[in-house]
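In what follows, a single structure is set out as structure tokens and then discussed.
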Amino acid sequence: MAKKEQEGSERMQGAETSCNQARHQMWRVLWSLNVNHKIKIFIWKRLKDVVPVKELIYRRLMKGDPICSGCGEDVETLEHMLLECNRVKEIWKLAPVQWDGIQDVTRNSEVAGSSLPGCCWERDCWPNQQHPSDPGSKGLTAQPVAPRGAAPHAGRAWNITTWWTALSEAKHRVQGMEHIALTAYILWQIWKCRNNRKFNNKVQEPMQVINKAWNAWMEFNNGVKEARKCSISKTTVPPQTNGQEVRQNLENRPRGMHIRIATSWNKETKFIGYGIIAANSRGQDVIGWKMRERASESQLQQRVEGVKWALIKAAEQRWRLVCIEVPGKDLLQQIQGSKTANMWIATLINDIRELSTMFYKCSFCLGKYNRNDLSCLFSAQALSNYHDLEWVNPNLLY
């Protein structure tokens, strides 16, 4: 009897370990995806179950009608909104990438994604595929729907997290990361389509949704290719301060990567430029990014978003020890626990706290740097860039 109990306990521990490994793989795939940062955040929030679908709002606040406004038949859960709604199924039927039987895997496998079924990809060559709306494109029959007979909002044996975890296994396949990236763009456009219908009373045809996802994906990939052609020699690193000051600053410097953030605002174009620089524990600038986004309502919100982008970049690099040099004492205090009355700021700070848990150690300190800092230079240059640019110091390895 004791032997059977021990064997059962070992099986449970093995299953739990495998599940944790699958979840770890899921996060690594997400932050490695070659997609827009906003889409990464959307997928991340989706996996954290904080996307404000009707069921979530009703469950937490007891407000509103939880029924889906698209089909008017079932509760609008995250799974229903992205995969199960009849309107959404029509979108997936036209999608150029599809995942056959993935719900059956997440329902029947002890560990989601342990035996991912085939991904049906309409095109043989990436990125020169035939557009899904072009004449002569083949129709696809499979689509990501719930297991047959499963209720959409009760007793479900799978959820969006296990679905995405199983989907992440495709990274090992030829063009697997490209397939996952396009899937992320489709999910993002489904969410935008839902919001357009709910808030603006505008209904989009399924092919419109697919076209937008396809075009955004291709545009981003083309932009990345152009950015990679940019010579790193065009960026000049400002000279360091005197040696004594550097040594004093490094004495109390903790281990890990230190990330500095600066912002520049163009009032005419209403865009914000972010300059993000990561330095090693010796104080040497190693890698940096120039990012341009639409300006937020307030400068504080812009700085909060800058901290969030910095954490995302750190996650993409898979760093374990990170120190974020926060631009502003008031923002640092709010991240460390002070309450704010602004709903948008509070939401962003909550995102920052959640993102910080992905690292072995993530700390925040007050940033102290002047206008000649490389991050400030990058933020100004970012305003003239259409796509994000990455800079790597060719003289350093980290």
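Just so it is clear: in the sequence shown, position 320 is 320 by the UniProt record's numbering, and no numbers are missing.
Note that the Cβ used here is the ideal one computed from N, Cα and C, for glycine as well.
In this text, all values refer to a predicted model and were calculated from it rather than measured experimentally.
Item                                                                                                                                                 : Value
Ala279, DSSP secondary structure in three states                                                                                                     : strand
Backbone CA spacing between Leu47 and Asn200 [nearest angstrom]                                                                                      : 26 Å
When Pro206, Val97 and Trp214 are compared against Gln175, the one with the closest alpha-carbon                                                     : Val97
Whether Cys365 touches Glu325 by CB criterion (8 Å)                                                                                                  : yes
Within 8 Å, strictly: CB atoms of Val75 and Cys85                                                                                                    : no
Residues sharing a beta bridge with Glu293, DSSP                                                                                                     : Ile272
8 Å Cβ cutoff met for Ala382 and Arg255                                                                                                              : no
Backbone secondary structure at Arg260 - three-state DSSP                                                                                            : strand
C-alpha distance - Leu300 paired with Arg294, whole-angstrom precision                                                                               : 14 Å
Pair within 8 Å by beta-carbon distance, Lys308 and Ile352                                                                                           : yes
Ala341 classed as buried or exposed, judged by whether at least 16 other C-beta atoms fall within 10 angstroms                                       : exposed
Own chain, CB closer than 7 Å to Ala310, minus 5 neighbours either side, in chain order                                                              : Ile259, Ile261, Ile276 and Ile324
Presumed contact (8 Å Cβ cut-off) between Val51 and Leu78, rounded CB distance                                                                       : 6 Å
Straight-line Cα distance separating Gly64 from Asp373                                                                                               : 49 Å
Strand pairing of Ser363, partner residues [DSSP]                                                                                                    : Cys323
C-alpha gap between Thr165 and Leu33, whole angstroms                                                                                                : 14 Å
Whole runs of the alpha helix (DSSP H) within the UniProt domain "Reverse transcriptase zinc-binding" (21-92), excluding any shorter than 4 residues : 37-47 and 54-61
Nonlocal neighbours in the same chain, by C-beta distance under 6 Å from Lys361, ignoring five residues either side                                  : Leu321
Alpha-carbon spacing of Ile189 relative to Ile287, whole angstroms                                                                                   : Ile is not the amino acid found at residue 189; the sequence shown has Gln there. Approximately 32 Å, taken between the alpha carbons.
Backbone secondary structure at Trp158 - three-state DSSP                                                                                            : coil
Inter-stretch contact (C-beta, 8 Å, three-pair minimum) for the segment 33-45 and the segment 168-188                                                : yes
Cα-Cα separation between Asn221 and Glu305, rounded to whole angstroms                                                                               : 23 Å
Identified DSSP bridge partners for Ile352                                                                                                           : According to DSSP, which records beta bridges pairwise, Ile352 is partnered with nothing at all.
C-beta atoms of Gln334 and Ile349 nearer than 8 Å                                                                                                    : yes
Cβ shell of Thr106 (< 7 Å), same chain only, five flanking positions each side left out                                                              : Annotation note: pLDDT 46 at Thr106 (below 50); position unreliable, no value reported.
Neighbourhood of Gly328 by C-beta, 7 Å cutoff - its chain only, sequence neighbours within 5 removed                                                 : Arg303
Inter-residue Cα distance where the pair is Ile57 and Pro66                                                                                          : 8 Å
Among Arg87, Lys93, Arg282 and His80, nearest to Ile160 - alpha-carbon criterion                                                                     : His80
Trp99 versus Ile272: straight-line alpha-carbon distance, rounded                                                                                    : 38 Å
Whole-angstrom C-beta distance between Cys71 and Arg59, which should lie under 8 Å                                                                   : Going by Cβ atoms, the distance from Arg59 to Cys71 rounds to 20 Å, so no, they are not a contact pair.
Residues of its chain near Thr347, where Cβ-Cβ distance is below 6 Å and the 5 sequence neighbours each way are ignored                              : none
Rounded Cβ spacing between Ile91 and Val209 (contact assumed at less than 8 Å)                                                                       : 5 Å
Three-state secondary structure assigned by DSSP to Val224                                                                                           : helix
Nearest-angstrom beta carbon gap, Met257 and Trp27 [assumed within contact, 8 Å]                                                                     : Incorrect: roughly 18 Å between the Cβ atoms, too far for contact.
Sequence-distant residues of the same chain with beta carbon closer than 7 Å to Leu30, five excluded per side                                        : Lys40, Ile43 and Trp44
Beta carbon of Glu390 nearer than 8 Å to that of Trp265                                                                                              : no
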